[in-house]
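Chains as they are written, first to last, in UniProt numbering: chain A, 1 to 250; chain B, 1 to 542.
For every residue, glycine included, the Cβ atom is placed at its ideal position computed from N, Cα and C.
Keep in mind that this is a model prediction, so the values were computed, not measured.
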Amino acid sequence: MSALRILVPVKRVIDYTVKIRVVNGAVDTNVKYSINPFDEIAVEQAVQMKEKKLASEIIAMTVGPTKSAETLRTALAMGADRAVHIEVPEGTEVQPLQVAKIVKAIVEKEKPGLVLLGKQAIDDDSSQTGQMLAGLLGWPQATFASKIETAGEKLTVTREVDGGLETVSASLPAIVTTDLRLNTPRYASLQNIMKAKKKPISTISVKDIGVDITPSIEIISVSEPPKRVGGGKVADVDELISKLKAAGAI
Amino acid sequence: MLRTPLVRRLANSAHALARPTPRARTLSVAFSTSRPAASKAPAAVPFTSDKFPELVRDSRFGSVTPEHVARFRDITGDVDAAVISAGTNTAQELDVYNEDWMRKYKGRTTLVLRPKTTQEVSAILRYCNEHTLAVVPQGGNTGLVGGSVPVHDEIVISTVRMNAVRSLDEVSGILTAEAGCVLEVLDLHLRERGFCMPLDLGAKGSCNIGGNVASNAGGLRLLRYGSLHGTVLSMEVVLADGTIMELGKPLRKDNTGYDLKQLFIGSEGTLGMITAVSILTPPKSSAVNVAMLGVKSFAEVQEAFRRARLELGEILSAFEFFDRTCMDLVKRHLPIREPLETKSPFYVLIETSGSNKDHDDEKLATFLERLLEEEVVQDGALASDTAQAHAMWNVRESITEACSKEGGNFKYDLSVPVPQLYAIVDAMRARLADLGLLRSDSAPTAPVTNVVGFGHIGDGNLHLNLTTTGWTRELNDAIEPFVYELVQARNGSISAEHGLGLMKAPYLEYSKSPEAIELMRRVKAAFDPKGILNPYKYFPRQ
Numbered sequence: 001m002s003a004l005r006i007l008v009p010v011k012r013v014i015d016y017t018v019k020i021r022v023v024n025g026a027v028d029t030n031v032k033y034s035i036n037p038f039d040e041i042a043v044e045q046a047v048q049m050k051e052k053k054l055a056s057e058i059i060a061m062t063v064g065p066t067k068s069a070e071t072l073r074t075a076l077a078m079g080a081d082r083a084v085h086i087e088v089p090e091g092t093e094v095q096p097l098q099v100a101k102i103v104k105a106i107v108e109k110e111k112p113g114l115v116l117l118g119k120q121a122i123d124d125d126s127s128q129t130g131q132m133l134a135g136l137l138g139w140p141q142a143t144f145a146s147k148i149e150t151a152g153e154k155l156t157v158t159r160e161v162d163g164g165l166e167t168v169s170a171s172l173p174a175i176v177t178t179d180l181r182l183n184t185p186r187y188a189s190l191q192n193i194m195k196a197k198k199k200p201i202s203t204i205s206v207k208d209i210g211v212d213i214t215p216s217i218e219i220i221s222v223s224e225p226p227k228r229v230g231g232g233k234v235a236d237v238d239e240l241i242s243k244l245k246a247a248g249a250i
Numbered sequence: 001m002l003r004t005p006l007v008r009r010l011a012n013s014a015h016a017l018a019r020p021t022p023r024a025r026t027l028s029v030a031f032s033t034s035r036p037a038a039s040k041a042p043a044a045v046p047f048t049s050d051k052f053p054e055l056v057r058d059s060r061f062g063s064v065t066p067e068h069v070a071r072f073r074d075i076t077g078d079v080d081a082a083v084i085s086a087g088t089n090t091a092q093e094l095d096v097y098n099e100d101w102m103r104k105y106k107g108r109t110t111l112v113l114r115p116k117t118t119q120e121v122s123a124i125l126r127y128c129n130e131h132t133l134a135v136v137p138q139g140g141n142t143g144l145v146g147g148s149v150p151v152h153d154e155i156v157i158s159t160v161r162m163n164a165v166r167s168l169d170e171v172s173g174i175l176t177a178e179a180g181c182v183l184e185v186l187d188l189h190l191r192e193r194g195f196c197m198p199l200d201l202g203a204k205g206s207c208n209i210g211g212n213v214a215s216n217a218g219g220l221r222l223l224r225y226g227s228l229h230g231t232v233l234s235m236e237v238v239l240a241d242g243t244i245m246e247l248g249k250p251l252r253k254d255n256t257g258y259d260l261k262q263l264f265i266g267s268e269g270t271l272g273m274i275t276a277v278s279i280l281t282p283p284k285s286s287a288v289n290v291a292m293l294g295v296k297s298f299a300e301v302q303e304a305f306r307r308a309r310l311e312l313g314e315i316l317s318a319f320e321f322f323d324r325t326c327m328d329l330v331k332r333h334l335p336i337r338e339p340l341e342t343k344s345p346f347y348v349l350i351e352t353s354g355s356n357k358d359h360d361d362e363k364l365a366t367f368l369e370r371l372l373e374e375e376v377v378q379d380g381a382l383a384s385d386t387a388q389a390h391a392m393w394n395v396r397e398s399i400t401e402a403c404s405k406e407g408g409n410f411k412y413d414l415s416v417p418v419p420q421l422y423a424i425v426d427a428m429r430a431r432l433a434d435l436g437l438l439r440s441d442s443a444p445t446a447p448v449t450n451v452v453g454f455g456h457i458g459d460g461n462l463h464l465n466l467t468t469t470g471w472t473r474e475l476n477d478a479i480e481p482f483v484y485e486l487v488q489a490r491n492g493s494i495s496a497e498h499g500l501g502l503m504k505a506p507y508l509e510y511s512k513s514p515e516a517i518e519l520m521r522r523v524k525a526a527f528d529p530k531g532i533l534n535p536y537k538y539f540p541r542q
């Protein structure tokens, strides 16, 4: 078996089927949360690599309040071996740069050969954490992966780019961010959910990591998109043209 | 913190089919209620009156004339959408109303009326009653027993244009809606306001609430919220002579006289036409969990159900089962991934709905762990997000569609005491095998390709489906009335939720005594003395 250790940072986000509502200038958080879908793909990829004996251990980690531990349990039920929870007080916002710094601290402690994470989180859509982490560590990065192959210390990644596919290679250790087409995450079986309960999650307060999580960007306002205004029916082309003219469209 | 919806990204990717999208459940419904096999030109649906020559047209009924059509145009304000007639529209436009979606029955109507208001319905029925013109009230036309299409040339009165939500009392959750409101539209309307419909069924994307009430539809949430007999508080109906009546009031309690609205629930358009209903709607659940279990035998399906009621209590909202053949058919015909890694003879889908996620999660996890430890179930998976929950439901809800893609279907919707539920499927398989009609290695060309069972365990409701190479009289006679005898012997009902329509009318005596049927006829005569409402159906022929 390869001695490759994989670190998978995951984020707890509002479930992607939930319609986001803004209440009093803030997003309504009293809704269903799930693991960020792209991170779920990263976990699946790691588990598949371990099943193919291309990896020896999978460590899941998250940065978030107490409830984020749910997300780690999901990763453990899918097949991660253990988990690290960097706990922050409920309601604290941690931005990508600070997350990247925290992940860097964990990388230095756990010494993974590969960090696999989603290309972006669907709540803030930043798509920055993986890239910043690569910069902070000085490691090669392959983003938007739709296929990942490893051979010894060599990594080959097929990336989805605007014009089609691009294949890149890098040497380990490296950062890879996952895209939608990489795989379809498995269902967590009851047996594995039960096993996951016995797997260790080490909880560390963010203070003990020594990373300042003060946001570097200030959010000025949050608002919902303008409501769609209902349309009307016209009887004939003449009426349509007169309405378009009245609206200044023609 | 605005989000780019992942949905859009999914829809743009070739991967979208393989990965369950949040719309998957709705989409499969839309597909299953549209006409099947759109890719290959399907064989024409035979006329019901040719297929069953014993159903002779009642000569008391008048035929539609141009004068009648002109009068109906007057009543409906001469709106094009309100009148579809052989004189001005194509045969294909009329077929939509003449053919049922199972493609088993086809009427010969030359006139479809689509009124917009209760007053129009009243004027139409008064005129039809005066001229003894037979009519068929029709909603979304998603019925499975041929009740919503004409047998001969009855005029179709469709509810589809009566689709306004009249009111929602946001304190009590009482919704008043016109008969033509599509079930799913109502559900979405309610969900935006914190409520949900107390019923949910596969055809929700097309079926109309008036038709749901008229056919006493059951569906997936009955276990939790009870039948329409409990949730419908009042209704507005138009009687055969055009009288508009308010039956009951939108109140939870009203003990004044006979509860006449109950007669209309499940009356299938034989007593009057429902034009609006008031329904008590429950608050929507903020925490929903879905799990799928693999089970070795039907005895263990029952044990799992017993335990679910005991240990999940008030949060249990659905308990569905299906057999391995169902899973095989779904996988063969649809791009659906099996949620469990191992194969089992039976599958159970459990849904919990509640208001406190942590409480529900813990309860469900403890329950599932115990079932697994005590080997009541042999495998299982818990949906980790809404997409997986939809994907699991999609398996269960796609069974009907998969069966129709496999070949011609015989469908039975039976109520049987739970312990004997699956014995019906076994008995049917045994009989068909004895007659050499069930396909197997030794009978490679036999006409019945599969006999499958699935349904709502919680309600004792079995859906028995047979996939075949096509309908023949011989096959029909091998199955019916045998299947009804099986049910009668077990003190069950030959129709749990689909109704009687045309298909089951001849077999009513397997569920009701002669005295009860006679009393039903007297009720019918009191409401519709000339018998113009949905004739040839509901009652056995005399």
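Separation of residue j from residue i, as counted between CA atoms
| i | j | result |
| --- | --- | --- |
| F264 of chain B | I274 of chain B | 8 angstroms |
| V136 of chain B | L438 of chain B | 37 angstroms |
| G354 of chain B | V211 of chain A | 39 angstroms |
| I532 of chain B | L55 of chain B | 16 angstroms |
| L155 of chain A | P345 of chain B | 43 angstroms |
| S56 of chain A | L316 of chain B | 41 angstroms |
| A296 of chain B | Q45 of chain A | First, the residue type needs correcting, since residue 296 of chain B is Lys and not Ala in the sequence shown. Those two C-alpha atoms are separated by around 32 angstroms. |
| L414 of chain B | R224 of chain B | 20 angstroms |
| T472 of chain B | T352 of chain B | 43 angstroms |
| A65 of chain A | N24 of chain A | Reading the sequence as shown, one finds Pro at residue 65 of chain A and not Ala. Going from the Cα of P65 of chain A to the Cα of N24 of chain A covers about 22 angstroms. |
| L228 of chain B | T468 of chain B | 34 angstroms |
| W101 of chain B | F72 of chain B | 27 angstroms |
| A30 of chain B | C207 of chain B | Residue placement at A30 of chain B is flagged as unreliable, the pLDDT there being 32, under the threshold of 50; the coordinate-derived value follows with that caveat. Each residue's Cα considered, the two are about 11 angstroms apart. |
| residue 262 of chain A | L186 of chain B | The structure shown does not extend to residue 262 of chain A, since chain A is modelled only from 1 to 250, so the question has no answer here. |
| G458 of chain B | L340 of chain B | 23 angstroms |
| E515 of chain B | K504 of chain B | 18 angstroms |
| A443 of chain B | L432 of chain B | 11 angstroms |
| A196 of chain A | L76 of chain A | 5 angstroms |
| K40 of chain B | P112 of chain A | Summary for K40 of chain B: the model assigns pLDDT 48, below 50, so the residue's position carries little reliability, and this model does not support an answer. |
C-beta contact flag for residue i and residue j at 8 angstroms
| i | j | result |
| --- | --- | --- |
| M78 of chain A | V103 of chain A | no |
| K104 of chain B | G147 of chain B | no |
| L199 of chain B | N212 of chain B | yes |
| I58 of chain A | A42 of chain A | no |
| L247 of chain B | L260 of chain B | yes |
| L117 of chain A | V8 of chain A | yes |
| V301 of chain B | Y412 of chain B | no |
| L500 of chain B | I479 of chain B | no |
Residues bridged to residue i [DSSP beta-bridge criterion]
| i | result |
| --- | --- |
| H359 of chain B | Partner(s): none; H359 of chain B has no beta bridge. |
| H85 of chain A | A:T62, A:T203 |
| R159 of chain A | A:A145, A:E166 |
| S234 of chain B | B:S278 |
| G455 of chain B | B:F321, B:L462 |
| F195 of chain B | B:P283 |
| S167 of chain B | B:T176 |
| K106 of chain B | B:E99 |
| D413 of chain B | B:H463 |
Inter-residue CB distance, residue i and residue j (contact presumed, cutoff 8 angstroms)
| i | j | result |
| --- | --- | --- |
| G380 of chain B | A291 of chain B | 6 angstroms |
| A276 of chain B | A214 of chain B | With 8 angstroms as the limit, A276 of chain B and A214 of chain B do not qualify as a contact, their Cβ atoms being about 12 angstroms apart. |
Endpoints, the beta strand (DSSP E) within which residue i is located
| i | result |
| --- | --- |
| V8 of chain A | 5-9 |
| E351 of chain B | 346-354 |
| I155 of chain B | 155-158 |
| R521 of chain B | Taken as a continuous stretch (DSSP letters only), R521 of chain B belongs to no beta strand (DSSP E), being part of the alpha helix (DSSP H) at 514-527. |
| P137 of chain B | 135-138 |
First through last residue of the alpha helix (DSSP H) which encompasses residue i
| i | result |
| --- | --- |
| Q488 of chain B | 482-489 |
| Q191 of chain A | 190-198 |
| P37 of chain A | 37-51 |
| Y127 of chain B | 118-130 |
| Q302 of chain B | 298-312 |
| P96 of chain A | 96-110 |
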